[in-house]
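Peer 1: Pasting in a structure now, in structure tokens, and then I'll have a few things to ask.
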């Protein structure tokens with residue numbers, strides 16, 4: 003009976019009680035923020051135990067956003083989420099293969115901020131409410147409803163009069179914004195496509211082609227709505243980017259820790275950043291050593307080992323060690339805040355693409371009115387002047403551009419490429435320079451073992467076995483890369499004894515009764531391990547190829563070198579060569595990674611020019627230099643630090659799977675499969691689209707000229723002129739539709 007009374011009354015209460023019991027022995031939750039999230043393999047029996055699931059709040063998850071009970075979330079494929087501290091409290095010895103560090107899932111330490119972010123992500127309405135209630139959306143919906151109702155009345159009820167009324171109302175509702183813009187353009191002397199569309203719609207209404215007028219209005223409003231939606235997504239992505247800076251920070255004052263809102267941090271404050279937390283400010287390290295993942299800011303492929311005196315950036319992740327940081331820049335003044343400002347400014351100042359229809363409208367609209375006026379003055383017959391207006395009314399010309407672009411965008415979608423707007427497709431057709439980010443774009447963005455160099459008689463497999471055994475429980479990404487290589491080679495991995503991770507330097511451990519050191523040259527030197535001049539020359543040669551070199555010592559004797567590199571994507575070389583074959587005149591790599599790594603990639607791919615150790619501001623400047631040289635420029639990137647360049651380029655192309663949200667939403671194009679070989683096909687498709695538009699325009703104007711001659715001479719009247727007008731649009735539609743099946747010879 004006593005046990006029954008002591009039992010929690012619900013599963014939730016039991017879970018809460020167990021979680022509190024576990025965590026109370028680790029840290030005070032009021033003074034220490036939640037730790038980082040880790041990923042575990044589903045097959046591991048230790049992690050599948052019901053006891054651990056209860057104590058650690060393990061959550062089975064698939065590829066979706068998962069709510070964390072204490073206020074966090076993570077984007078996962080297949081795996082489990084759990085609190086590492088709770089796991090260690092339950093069993094102080096982590097089992098072999100049980101835990102895998104996942105850098106991409108390290109989130110802000112502030113629980114309330116994470117809960118808020120999860121809510122924002124889960125609610126489409128909250129994120130896009132202003133867009134959904136915008137005038138363009140409401141008018142497009144009303145326009146479409148009346149258009150569909152008209153077709154229903156005509157085809158189902160055979161009530162043609164009612165259908166004409168509905169179509170007329172649809173044309174007036176959908177056309178009202180177009181008419182207003184056209185009127186403003188005329189007042190300013192700017193004859194754009196809006197004026198041409200207005201002429202087409204008015205002409206169609208005058209001759210009783212109500213459905214055609216309504217359809218033209220719908221197509222124009224729907225296109226505007228899609229462009230507005232693209233801008234709304236980009237703005238939301240910027241808001242998400244701002245949340246990379248944690249909402250709270252740990253302030254050190256008079257030896258005491260105090261958790262404060264990040265807005266209360268000022269330059270000069272001393273902050274503590276624990277393992278797994280994001281850095282809240284730009285600052286200088288005053289104490290501690292750690293490995294920091296700052297790829298989102300600098301684009302460096304591998305974590306950077308930092309020590310006192312080094313500078314770190316807001317939004318970077320401390321993945322190993324603890325740091326004391328003296329704040330220098332906070333809030334909007336940080337490098338991450340500068341990236342956000344650069345993206346906003348680039349979006350505002352980017353030169354607008356002059357649409358093809360706008361260029362033709364500048365000449366065709368005044369010519370149409372002039373010919374109609376001359377016809378009336380010469381003949382005195384209003385009906386003949388109206389006929390001229392009808393037959394020259396550029397409906398086919400208006401349809402030429404949107405139908406071709408719609409077909410091309412559909413073709414791109416079939417190839418797993420999202421083109422967000424017609425303007426992006428038009429810009430792609432003129433691209434003559436392509437700039438690439440390196441990390442995550444031309445390369446995989448993660449380090450892998452490239453080579454193993456024996457320094458004495460020990461075999462490479464033995465060197466890798468010792469190194470992997472020493473790194474078995476390491477959380478450093480380079481250590482995980484060594485361990486992954488050993489597993490892929492089916493090498494035996496020993497249980498390390500006396501495992502000692504040395505933050506920023508490497509690890510020491512005893513494996514098979516032998517002392518193993520894996521880490522920096524400074525660590526080996528501290529252990530009394532000497533590297534000869536030949537060894538140092540070999541290290542320098544590997545580093546010149548852009549590789550990270552880790553010496554391995556066994557029993558205080560250097561036995562080998564493990565070289566790691568950010569591996570090239572297998573399709574990268576083919577993609578660069580195909581882009582040049584497609585007419586690209588200049589290829590450039592613009593990367594924040596170190597110079598040897600960038601130069602090595604540029605040599606292997608045959609890229610014309612490369613720039614290394616470049617921060618986001620400089621990337622934007624280099625893009626503008628390419629544009630100033632008269633080249634329409636595309637930029638292909640995937641990271642947060644690429645967002646300003648993606649926004650400033652004539653067309654930005656983001657890697658959709660590997661890419662950061664802000665990169666994908668800022669770009670005009672997203673490669674959903676991260677296959678760069680899609681880019682050459684995309685450029686060829688865009689060029690063919692522009693050619694199709696020009697051919698359609700030429701055909702439309704030829705038909706208009708023929709109809710004009712016949713109407714001015716009185717051979718045809720308004721009715722026959724309207725028929726010729728409608729028939730001339732059919733070849734344009736058919737010719738544009740062929741783009742759906744277009745296949746590039748390059749691809």
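Numbering (the working numbering), first residue to last: 3 to 749.
C-beta atoms are modelled at their ideal positions from N, C-alpha and C, and glycine is treated no differently.
Note that the structure is a prediction, hence the values are computed from the model and not measured.
1) I'd like the list of long-range same chain contacts for residue 434, defined as Cβ closer than 6 Å, with 5 residues on each side in sequence excluded.
2) Let me know the secondary structure DSSP gives residue 271 once reduced to three states.
3) I need the DSSP call for residue 450, collapsed to helix, strand or coil.
4) Determine the DSSP secondary structure at residue 364, reduced to helix, strand or coil.
5) What is the rounded straight-line gap between the Cα of residue 637 and the Cα of residue 627?
6) Exposed or buried, residue 409, counting other C-beta atoms within 10 Å across all chains shown (16 or more means buried)?
7) Do residue 223 and residue 145 have their CB atoms nearer than 9 Å?
8) Specify the secondary structure class of residue 726 as computed by DSSP and reduced to three states.
9) Give the DSSP-derived three-state secondary structure of residue 666 in the structure shown.
10) Can you grab the Cα-Cα spacing for the pair residue 714 / residue 387, in whole Å?
11) Go ahead and pull the three-state DSSP assignment for residue 133.
12) Pair every Cβ in the region 266-280 with every Cβ in the region 323-331, then say whether three or more of these pairs are closer than 8 Å.
13) Measuring alpha carbon to alpha carbon, tell me which residue in 156, 440, 493 is nearest residue 575.
14) Which residue marks the beginning of the beta strand (DSSP E) containing residue 570, and which one marks its end?
15) With a threshold of 8 Å on Cβ separation, who are the neighbours of residue 384 within its own chain once the five nearest residues in sequence on each side are excluded?
16) Tell me, please, which residues DSSP counts as bridged to residue 637.
17) Can you tell me where the beta strand (DSSP E) holding residue 331 begins and where it ends?
18) Using the DSSP secondary-structure output, state which residues sit across from residue 260 in a beta bridge.
19) According to DSSP, is residue 356 part of a helix, a strand, or is it coil?
20) Which word fits residue 653, buried or exposed, when buried means at least 16 other C-beta atoms lie within 10 angstroms of its C-beta?
21) Let me know the secondary structure DSSP gives residue 632 once reduced to three states.
22) Identify whether residue 456 lies in helix, strand or coil by the three-state DSSP scheme.
23) Secondary structure at residue 501, three-state DSSP: helix, strand or coil?
24) Smallest Cα separation from residue 257: which of 274, 227, 540, 472?
25) Could you tell me which residues DSSP pairs with residue 516 in its beta bridges?
26) Tell me whether residue 609 sits in a helix, a strand or coil according to DSSP, three-state version.
27) Using a 10 Å radius around the Cβ and a threshold of 16 neighbouring Cβ atoms, would you call residue 190 buried or exposed?
28) Tell me where the alpha helix (DSSP H) around residue 463 begins and ends.
29) Tell me which same chain residues have a C-beta within less than 6 Å of the C-beta of residue 313, skipping the five on either side of it?
30) Select from 421, 339, 507, 510 the residue whose C-alpha is nearest the C-alpha of residue 618.
31) Taking the C-alpha atoms as reference points, what is the distance between residue 726 and residue 705?
32) For residue 454 and residue 442, what's the separation of their Cα atoms in angstroms?
33) Can you tell me whether DSSP reads residue 486 as helix, strand or coil?
34) Where do the ends of the alpha helix (DSSP H) carrying residue 1 lie?
35) In this structure, does DSSP put residue 553 in helix, strand or coil?
36) Within 8 Å, do at least three Cβ pairs link the region 563-581 to the region 680-696?
Peer 2: Well, looking at it:
1) For the purposes of this step, residue 434 is taken as residue 432 along the chain shown, with counting starting at 1. Contacts found: 587, 633, 634.
2) Stepping through the chain shown from its first residue, residue 271 is reached at position 269. If DSSP states are grouped into helix, strand and coil, residue 271 belongs with coil.
3) The residue you call residue 450 lines up with position 448 of the chain shown. Strand, per DSSP.
4) To locate residue 364, count along the chain shown from 1; it is residue 362. DSSP places residue 364 in helix when its eight states are reduced to three.
5) Indexing the chain shown from 1 puts residue 637 at position 635. Indexing the chain shown from 1 puts residue 627 at position 625. Whole-angstrom Cα-Cα distance: 13 Å.
6) If you number the chain shown from 1, residue 409 lands on position 407. Classification for residue 409: buried.
7) Position 221 of the chain shown, counted from the first residue, corresponds to residue 223. Position 143 of the chain shown, counted from the first residue, corresponds to residue 145. Taking 9 Å as the Cβ cut-off, residue 223 and residue 145 qualify as a contacting pair.
8) The residue given as residue 726 occupies position 724 in the chain shown. DSSP places residue 726 in helix when its eight states are reduced to three.
9) For this step, residue 666 is matched to residue 664 along the chain shown. Of the three classes helix, strand and coil, the one that applies to residue 666 here is helix, per DSSP.
10) Start at 1 with the first residue of the chain shown, and residue 714 comes out as number 712. Start at 1 with the first residue of the chain shown, and residue 387 comes out as number 385. So the alpha carbons of these two residues sit roughly 8 Å apart.
11) Counted from its first residue, the chain shown places residue 133 at position 131. It is helical.
12) yes
13) Stepping through the chain shown from its first residue, residue 575 is reached at position 573. Checking every option, the nearest Cα to that of residue 575 belongs to 440.
14) Taking the first residue of the chain shown as 1, we reach residue 570 at position 568. 560-570 is the extent of the beta strand (DSSP E) around residue 570.
15) Locating residue 384 in the chain shown gives position 382, counting from the first residue. Correct list, in chain order: 378.
16) The count along the chain shown starts at 1 and reaches residue 637 at position 635. Looking at the DSSP assignment, residue 637 forms a beta bridge with 437, 654.
17) For the purposes of this step, residue 331 is identified with residue 329 of the chain shown, where counting begins at 1. Looking at the DSSP string, the run of the beta strand (DSSP E) that includes residue 331 is 325-331.
18) Numbered from its first residue, the chain shown carries residue 260 at position 258. Looking at the DSSP assignment, residue 260 forms a beta bridge with 253.
19) The residue labelled residue 356 in the question sits at position 354 within the chain shown. Residue confidence for residue 356 is low, a pLDDT of 46 falling below 50, so the modelled location carries little weight; the figure read from the coordinates is stated next. Residue state, collapsed to three classes: coil.
20) Against the chain shown, residue 653 aligns to sequence position 651. Buried, because 16 or more other Cβ atoms sit within 10 Å of the Cβ of residue 653.
21) Position 630 of the chain shown, counted from the first residue, corresponds to residue 632. In the structure shown, residue 632 sits in coil (DSSP, three-state: anything other than H, G, I, E or B).
22) As a position in the chain shown, residue 456 is number 454, starting the count at 1. Of the three classes helix, strand and coil, the one that applies to residue 456 here is strand, per DSSP.
23) Position 499 of the chain shown, counted from the start, is the residue given in the question as residue 501. Strand at residue 501.
24) Indexing the chain shown from 1 puts residue 257 at position 255. Taking only the C-alpha atoms, the option nearest residue 257 is 274.
25) For the purposes of this step, residue 516 is taken as the residue at position 514 of the chain shown. DSSP output for residue 516 lists 513 as bridge partner(s).
26) In the chain shown, the residue the question calls residue 609 occupies position 607. In the structure shown, residue 609 sits in coil (DSSP, three-state: anything other than H, G, I, E or B).
27) Here residue 190 refers to the residue found at position 188 when the chain shown is read from its first residue. Exposed, because fewer than 16 other Cβ atoms sit within 10 Å of the Cβ of residue 190.
28) Indexing the chain shown from 1 puts residue 463 at position 461. From DSSP, the alpha helix (DSSP H) with residue 463 extends over 462-472.
29) What you label residue 313 is simply residue 311 of the chain shown in a count that begins at 1. So the qualifying residues of the chain are 286.
30) By 1-based counting over the chain shown, the position of residue 618 is 616. If we check each option's Cα against that of residue 618, 339 comes out closest.
31) Taking the chain shown and counting its residues from 1, the one referred to as residue 726 is at position 724. Taking the chain shown and counting its residues from 1, the one referred to as residue 705 is at position 703. Whole-angstrom Cα-Cα distance: 8 Å.
32) Here residue 454 corresponds to residue number 452 of the chain shown, with the count starting at 1. Here residue 442 corresponds to residue number 440 of the chain shown, with the count starting at 1. Spanning the two alpha carbons is a distance of roughly 24 Å.
33) Position 484 of the chain shown, counted from the start, is the residue given in the question as residue 486. Residue state, collapsed to three classes: helix.
34) Shown here, the chain extends from 3 to 749; a query on residue 1 therefore has no answer.
35) Position 551 of the chain shown, counting from 1, holds the residue named residue 553. Three-state DSSP puts residue 553 in a strand.
36) yes
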